[in-house]
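This report refers to the structure that appears directly beneath it.
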């Protein structure tokens, strides 16, 4: 009987021990989960200020078992070194076998990981000295999550930098073309005034300049704003981003065509007219580049700058045809809208590409076909109901 009694007592004690252990582990796991939630909540802050957030959240990291932590390396050309908590002995780190960059090295006291990007090279070490059992396991898990968050923050920072650089480069290319257009207009005005032979001709040119001044000023102001803020996409020729909704306005096609023709000193034969609800930036980009090309190519070839413009409407579209049958195109028709395909020594091959992208972003189409020795460029503007 005594043997049975002793066995029963042992079983009860063992059961109580297992039960208390399970309760203790449950308490620790819940506590660890709450602290892990606090760590995960730092993701946005890590993206904004990685190193500063780690310093400010030292208490949160210590509660997760990451009481000793340091990092060293290069941060955008500046050497950095920071230590949180007790010093991690260097010999522990050096005594471990060397591995490839970005790998992890672990023992019961140190976790190590390196991160390398274009302008960032950091080495992180986390000391786990004194942690045993489940606390050690929880700390290792927290360190792994922290390293993953650091890698995500650094990768996001790098992607944002690449995107910003790409955006600046794209806007820079478009602005160069816009500035070239404006410079050509200034050159055209200078030649116009220089060719005046008497006061009456000077007065006539001055009146024409006054009529065009507001339009040229508007283009110059948009380019100035884009130069000061490269993320702004209201440059005359810069294509709208996919998420941008063009601002619709009621536009008098005849009035806009005449203004652009006067600006570029092109004689036009306008047949038909219409009012459309469309994006004025897109229309301006098309008129500037089509009529600007007619003007510059005609001067290069010692021809009169002229263009026949035919406006037609149907149930779904307003069609605007720019016809220059007497102005030969020096490049294949299929290359007209290809970027960097130039039709002359002055052109850079971006104007028609940009005009087409701007028209498409506003829901329209711009294409070309052969006409005599020259071409017909057609702008298709959708009706609001279609």
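Residue numbers (the working numbering): -11 to 374.
Beta carbons: idealized from backbone N, C-alpha and C, even for Gly.
Helix, strand or coil at residue 40 [DSSP, three-state]: helix
Touching by the beta-carbon criterion (3+ pairs, under 8 Å), the segment 286 to 296 and the segment 180 to 195: As far as the Cβ criterion goes, the segment 286 to 296 does not touch the segment 180 to 195, which means the pair count is below three.
Local Cβ density within 10 Å of residue 64, reported as buried at 16 or more and exposed below that: exposed
Short Cβ contact (8 Å threshold) for residue 248 with residue 267: Contact annotation: residue 248 and residue 267 have beta-carbon atoms that are not nearer than 8 Å.
Contact set for residue 264: own chain, Cβ-Cβ below 7 Å, skip 5 residues either direction: 239, 241, 306 and 369
Beta-carbon spacing of residue 58, residue 42 below 8 Å: By the CB criterion at 8 Å, residue 58 and residue 42 fall outside the cutoff.
Spatial neighbours of residue 46 in its chain, beta-carbon cut-off 6 Å, leaving aside the 5 residues before and after: 72
Per-residue burial, residue 312 [other beta carbons within 10 Å of its own, 16 or more giving buried]: Per the 10 Å Cβ criterion, buried.
Span separating the alpha-carbon of residue 322 from that of residue 193: 38 Å
Alpha-carbon spacing of residue 270 relative to residue 371, whole angstroms: 15 Å
Distance CB(residue 98)-CB(residue 119) smaller than 8 Å: no
DSSP state of residue 65 mapped onto helix, strand, coil: coil
Neighbour-count burial assignment, residue 280, 16 or more Cβ in a 10 Å radius: By the Cβ-count criterion, residue 280 is buried, with 16 or more other Cβ atoms from all chains shown falling within 10 Å of its own Cβ.
Nearest-angstrom Cα separation, counted from residue 151 out to residue 364: Inter-residue distance for residue 364 and residue 151 is about 37 Å (C-alpha atoms, whole angstroms).
Rounded separation between residue 76 and residue 49 - CA only: 16 Å
Own chain, CB closer than 8 Å to residue 208, minus 5 neighbours either side, in chain order: 170
Per DSSP, the bridge partner or partners of residue 355: DSSP lists 366 as partners of residue 355.
Secondary structure of residue 124, DSSP reduced to three states: helix
Straight-line gap, residue 350 to residue 28 (C-alpha atoms, nearest Å): Taking the straight line joining both Cα atoms gives about 42 Å.
Inter-residue spacing [alpha-carbon to alpha-carbon] between residue 51 and residue 146: 30 Å
Within 8 Å, strictly: CB atoms of residue 53 and residue 148: In this structure, residue 148 does not lie closer than 8 Å to residue 53 by Cβ.
Alpha-carbon spacing of residue 111 relative to residue 101, whole angstroms: 6 Å
Buried versus exposed, by CB contacts within 10 Å (16 or more), residue 141: buried
Sheet register partners of residue 57 (DSSP bridge): 72 and 114
Delimiting residues of the alpha helix (DSSP H) encompassing residue 276: Segment 268 to 288, the alpha helix (DSSP H) holding residue 276.
Cutoff 6 Å; reference residue 352; Cβ partners in own chain excluding five residues on either side: 368 and 369
Integer Cβ distance of residue 175 from residue 273, believed to fall under 8 Å: With 8 Å as the limit, residue 175 and residue 273 do not qualify as a contact, their Cβ atoms being about 20 Å apart.
C-alpha distance - residue 357 paired with residue 315, whole-angstrom precision: 13 Å
For residue 40, the nearest candidate out of 237, 259, 70 and 55 (CA to CA): Taking only the C-alpha atoms, the option nearest residue 40 is 70.
Whole-angstrom C-beta distance between residue 343 and residue 354, which should lie under 8 Å: 6 Å
Cα-Cα separation between residue 251 and residue 139, rounded to whole angstroms: 54 Å
Span of the alpha helix (DSSP H) around residue 306: That residue, residue 306, is in no alpha helix (DSSP H); its beta strand (DSSP E) goes 305 to 312.
Cβ-based burial, residue 253 [other Cβ within 10 Å; buried from 16]: So residue 253 counts as buried.
Three-way DSSP call (helix, strand, coil) for residue 372 in this model: coil
Residues that DSSP places opposite residue 300 in a beta bridge: DSSP output for residue 300 lists 307 as bridge partner(s).
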